[in-house]
Amino acid sequence: MLPGIKQFDLTGRVALVTGGSKGLGAAMAAGLASAGADLVLASRTLSEVEEVAAEIARDYGHQAIGVSADVSQPADVDAMVQTALKKFGKIDILINNAGINIRGPIDELTFDQFRKVQEINVDGLWLCSKAVVPHMKEASYGRIINMASTLGVVGLSNRTPYTASKGAVVQMTRALGLELAP
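According to the numbering used here, the residues represented by the sequence shown are 1 to 182, in order.
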């Protein structure tokens, strides 16, 4: 981002970022705040996400809160969305960024490892999207951004759980776009 130049304006918007405690999630949250958005950052580790939220609030002067949520758990997702709505009254933007990658040859991976990747990367995306869509429809405004990967369209050895999950993310994003676009 160019210093002093606002590339887009999100003033008055509220963004919910899953996987917001580090890496891409924290960087996207900072970018959203620099464009004027208030933030709800979610992570399984409350102390980490609260620290990132406090840094963003301090650095960008916008409200930012951290919440603990395991996106693969419906009750956690519902609580996360309700916390956001209670604090800000709306959710304009959802960034489905939470994800994990368990690597290894298929004959050495367990089914539980495979399922864990699907639960977070696929089920979590679906649960979070489902939870915010009614509120976005009611507001006649909403943006859902899903983090996929090149491995969603190109295979790579020793990555079957991850590539399967990101392929699902690509297709779910297409389906949601067709279903929800005005």
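The beta carbon of each residue, even a glycine, is placed where N, CA and C say it ideally should be.
Item	Value
Which of helix, strand or coil DSSP assigns to residue 142	coil
Reduced DSSP secondary structure (H/G/I, E/B, other) of residue 69	coil
Short Cβ contact (7 Å threshold) for residue 77 with residue 41	no
Simplified DSSP state of residue 96, which is helix, strand or coil	strand
Helix, strand or coil at residue 43 [DSSP, three-state]	strand
Pairwise C-alpha distance: residue 63 and residue 57	5 Å
Where residue 18 sits in the DSSP three-state scheme	strand
Spatially closest choice to residue 45 from 151, 32, 70 and 94, by CA coordinates	70
Delimiting residues of the alpha helix (DSSP H) encompassing residue 113	111-118
Selected residue, minimal CA-CA separation from residue 128, among 148, 96 and 153	96
Exposed unless 16 or more other CB atoms sit within 10 angstroms - verdict on residue 154	exposed
Proximity to residue 36 [Cα-Cα], best of 111, 25, 22 and 15	15
Coil, strand or helix - residue 64 by DSSP	strand
Segment contact, 8 Å Cβ cut-off, at least three pairs: the region 140-151 with the region 163-177	yes
Distance between residue 38 and residue 161 (C-alpha atoms, nearest Å)	34 Å
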